[in-house]
Amino acid sequence: MPERHPDHITAEMLLFHLPKSKAAELKRLASPPDGSRISTYDAFSAYLWRTVSRLRAPLFKPDLSAPLFWSEAVDMRRRMHSPKFHPRVQQNVMSAALSDRVPVTAPAATEVISEWPLGKLAF
Numbered sequence: 014m015p016e017r018h019p020d021h022i023t024a025e026m027l028l029f030h031l032p033k034s035k036a037a038e039l040k041r042l043a044s045p046p047d048g049s050r051i052s053t054y055d056a057f058s059a060y061l062w063r064t065v066s067r068l069r070a071p072l073f074k075p076d077l078s079a080p081l082f083w084s085e086a087v088d089m090r091r092r093m094h095s096p097k098f099h100p101r102v103q104q105n106v107m108s109a110a111l112s113d114r115v116p117v118t119a120p121a122a123t124e125v126i127s128e129w130p131l132g133k134l135a136f
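Note that the sequence shown covers residues 14 to 136 in this note's numbering.
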């Protein structure tokens with residue numbers, strides 16, 4: 014077995030359970046003041062991004078003025094309609110949503126960690 018780099022930091026996998034009542038409260042907290050719609054998924058993603066970034070900052074010491082990158086996998090099977098995707102295809106059909114590909118300025122680490130309202134981060 015190859016040796017690990019001496020600076021290797023072990024990781025943990027976590028599974029979250031978000032009860033409906035807590036999801037509704039989180040969605041309320043992350044709703045933009047203008048009343049525009051926000052999904053529960055967006056609210057939870059914003060909360061998770063803030064929490065993980067805040068916990069990682071003391072360990073990895075990022076430049077707090079630098080923009081933070083966000084990405085997430087997108088299942089494309091449900092989005093392929095013309096032609097319809099064959100259900101027996103045995104491969105990943107995914108894309109990625111990347112924060113550096115959108116026409117808005119990415120928030121700085123300090124904004125993600127604490128300054129921005131959760132509703133702005135969820136946008």
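Backbone N, C-alpha and C define an ideal beta-carbon position, used for all residues, glycine too.
Tell me where the beta strand (DSSP E) around residue i begins and ends.
| i | result |
| --- | --- |
| Leu-111 | 107-111 |
| Asp-47 | First-last for Asp-47: undefined, no H or E at that position. |
Could you tell me if residue i is buried or exposed, where buried requires 16 or more neighbouring beta carbons within 10 angstroms of its beta carbon?
| i | result |
| --- | --- |
| Ile-22 | exposed |
| Glu-124 | buried |
| Ala-56 | buried |
| Gly-48 | exposed |
| Ala-37 | exposed |
Where do the ends of the alpha helix (DSSP H) carrying residue i lie?
| i | result |
| --- | --- |
| Ser-58 | 53-73 |
| Ala-135 | 131-135 |
Taking just the CA atoms, how far does residue j sit from residue i?
| i | j | result |
| --- | --- | --- |
| Pro-100 | Tyr-54 | 26 Å |
| Lys-133 | Ala-110 | 18 Å |
| Ile-51 | Arg-92 | 21 Å |
Restricting to Cα atoms, I'd like to know which of the options is closest to residue i.
| i | options | result |
| --- | --- | --- |
| Leu-77 | His-30, Lys-33, His-18 and Ala-119 | Ala-119 |
| Trp-83 | Ser-44, Lys-40, Ala-59 and Lys-133 | Ala-59 |
| Met-26 | Leu-39, Pro-130, Val-65 and Pro-71 | Val-65 |
| Ala-24 | Lys-33, Arg-41, Ile-51 and Leu-72 | Leu-72 |
| Phe-136 | Met-89, Arg-92 and Trp-62 | Trp-62 |
| Leu-131 | Arg-41, Lys-97, Pro-32 and Lys-33 | Arg-41 |
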